[in-house]
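Colleague: Quick note on our numbering: the sequence shown kicks off at 380 and runs consecutively. One structure, pasted below without further comment.
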Amino acid sequence: MFVLHKESRKRVAYSTLATSIRPSEVSVTFDPDRSLLFVPPSTQDRIKGVLNATVVLVMYGDYECSQSADVYRLIKVIGRQLSISLGENYLCFIFRHFPQIEIHSHAQRAAEATEAAAVQGQFWPMHKMLFDHQQELGNGYLVEYANNLGLDISQFLQDISKKVYIDCINEDIESGLHSGVTSAPALFINGIRYSNRWTVKQIMAAIVAANN
């Protein structure tokens with residue numbers, strides 16, 4: 380019986396994935412103007428995966444922005460597909476805050492809530508909670524979500540009321556601005572700005588192209 384070794388299986392899976400996306404069907408473009416990620420990924424980021432993954436996605440998002448939520452869900456689908464085909468360490472996802480406070484009144488406080496949750500080990504559960512309930516991001520709802528996640532509410536409220544994480548969020552915003560980001564969502568694939576349509580096929584094609 381012929382058995383593929385682990386690395387061989389990965390190569391076959393990658394080859395299958397790459398050939399299933401036809402260049403004639405999908406075009407991949409990157410923004411030529413300020414297209415590079417200014418601040419490289421680091422352990423200071425909110426990370427899903429490993430930093431030495433084959434492909435690293437950095438997303439700048441706004442919790443009150445419906446398109447940010449849509450793109451995050453697309454990336455989750457892509458992540459599951461790539462994990463099955465190429466292994467858990469193929470893709471790393473990083474989320475950076477880019478609240479657009481001029482149009483989204485709750486975005487800044489929502490970002491602070493995720494950072495307050497992060498200190499208690501619950502960044503990603505809170506992150507998902509906020510994207511799942513974008514129409515309910517008022518202060519009372521944030522406390523409700525924190526309680527549902529089993530957070531220390533006293534500590535959570537204290538951190539938010541003292542604006543402990545403002546500098547952290549502002550650093551994300553500044554890094555985005557230096558990278559040419561003017562609105563959310565924005566996505567960088569291995570440090571290069573993605574500027575195509577927000578579909579699984581288009582993003583997957585860009586990921587495949589980034590590894591060639």
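Virtual Cβ for every residue (Gly too), placed ideally from N, Cα, C. If you're wondering where the values come from, they're calculated on a predicted model, not measured in any experiment.
(1) Have a look at W503 and A495 and give me their C-alpha separation to the nearest angstrom.
(2) Could you have a look at G458 and say whether DSSP puts it in helix, strand or coil?
(3) For R572, which three-state DSSP category applies?
(4) Does the region 526-537 come within contact of the region 435-452, defined as at least 3 CB pairs closer than 8 Å?
(5) For F472 versus G458, is the C-beta spacing smaller than 8 Å?
(6) Are the region 565-577 and the region 431-438 touching by the rule of at least three beta carbon pairs closer than 8 Å?
(7) Apart from the five residues just before and just after Q514, which ones in its own chain have a Cβ nearer than 7 Å to its Cβ?
(8) By Cβ distance, which residues of its chain are closer than 6 Å to K427, with the 5 residues on each side in sequence left out?
Modeller: If we stick to the structure as given:
(1) Working through the sequence shown from its first residue, we reach residue 503 at position 124. Working through the sequence shown from its first residue, we reach residue 495 at position 116. Computed Cα separation, rounded: 12 Å.
(2) Translated into positions along the sequence shown, residue 458 becomes position 79. Three-state result, G458: helix.
(3) Looking up residue 572 in the sequence shown gives position 193. In the structure shown, R572 sits in a strand (DSSP, three-state: E or B).
(4) no
(5) As a first step, residue 472 is located in the sequence shown; it is residue number 93 there, counting from the start. As a first step, residue 458 is located in the sequence shown; it is residue number 79 there, counting from the start. Against a cut-off of 8 Å, the Cβ pair of G458 and F472 comes out as a contact.
(6) yes
(7) Taking the sequence shown and counting its residues from 1, one reaches residue 514 at position 135. Taken in chain order, the list of residues that qualify is empty.
(8) To locate residue 427, count along the sequence shown from 1; it is residue 48. Contacts found: F472.
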